[in-house]
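First comes the structure, then the notes that go with it.
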Amino acid sequence: MNIGERLKYLRNKQKWTMKDISSKLGIRDSTYSGYETNYRKPDAEMICKLADLHNTTTDYILCKTDDPTLDKTTSSNIKDFFDNQKLHWDGKELSEDDVESLKDLLEVAVKRMLK
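FYI, in the UniProt record's numbering the residues of the sequence shown are 1 to 115.
Structure representation (structure tokens):
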């Protein structure tokens, strides 16, 4: 399958028309049609928009994987990210204390957002 075929498959799965998609993306109908027919190649920004619209990954659209589902675990645990990364700010590595402070600040911010 190529990019155009993937886009057509995703569109048909949603029971959307090409006009529906071009309207949602704010592009001309002919531009989107060009993507599905492989006459045009979507740029990186458009591939991201298409992936978001279809609730899939950019890798699926780019034919890097055959699995169209999003892996929810990769985006669900920010705490693990802090524990498994050497973090830098403006080119300088953060100390363990800095990372802990950052985690505390983020925790407060997330709790406020989820209220």
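The beta carbon of each residue, even a glycine, is placed where N, CA and C say it ideally should be.
CA-to-CA distance, residue j to residue i, given in whole angstroms
i, j, result
"Thr58", "Glu36", "15 Å"
"Lys92", "Leu114", "31 Å"
"Ser75", "Arg40", "Only weak support exists for where Ser75 lies, its pLDDT of 49 falling under 50; the coordinates are left without a value."
"Phe47", "Met18", "One detail in the question is off: residue 47 reads as Ile in this sequence, not Phe. If I take the Cα positions, the gap works out to 16 Å."
"Thr63", "Met1", "The question names Thr, yet the displayed sequence has Cys at residue 63. Roughly 7 Å between the two C-alpha positions."
"Asp90", "Thr31", "39 Å"
"Gly26", "Asp97", "45 Å"
"Phe82", "Val99", "7 Å"
"Leu94", "Arg28", "46 Å"
"Asp43", "Lys49", "10 Å"
"Arg112", "Lys86", "27 Å"
"Trp16", "Tyr9", "10 Å"
"Thr69", "Val110", "26 Å"
Minimum C-alpha distance to residue i - residue among the options
i, options, result
"residue 121", "Lys92, Leu102 and Ala51", "Beyond the ends of the chain as shown, which are 1 and 115, falls residue 121; an answer cannot be given."
"His88", "Leu102, Ile78 and Lys79", "Leu102"
"residue 118", "Asn38, Ser95, Thr17 and Ser22", "Here the chain covers residues 1 to 115 and nothing more, so residue 118 does not appear."
"Lys13", "Asp43, Thr56 and Ser95", "Thr56"
"Lys24", "Glu100, Lys8 and His54", "His54"
"Ser33", "Leu7, Ala44 and Asp43", "Leu7"
One or two residues paired with residue i in a DSSP bridge
i, result
"Glu93", "His88"
Rounded distance between the beta-carbons of residue j and residue i, thought under 8 Å
i, j, result
"Ile61", "Ile3", "6 Å"
"Leu106", "Ile78", "7 Å"
Which runs of the alpha helix (DSSP H), 4 residues or longer, sit entirely within the UniProt domain "HTH cro/C1-type" (7-61)?
18-25, 29-36, 44-54 and 58-61
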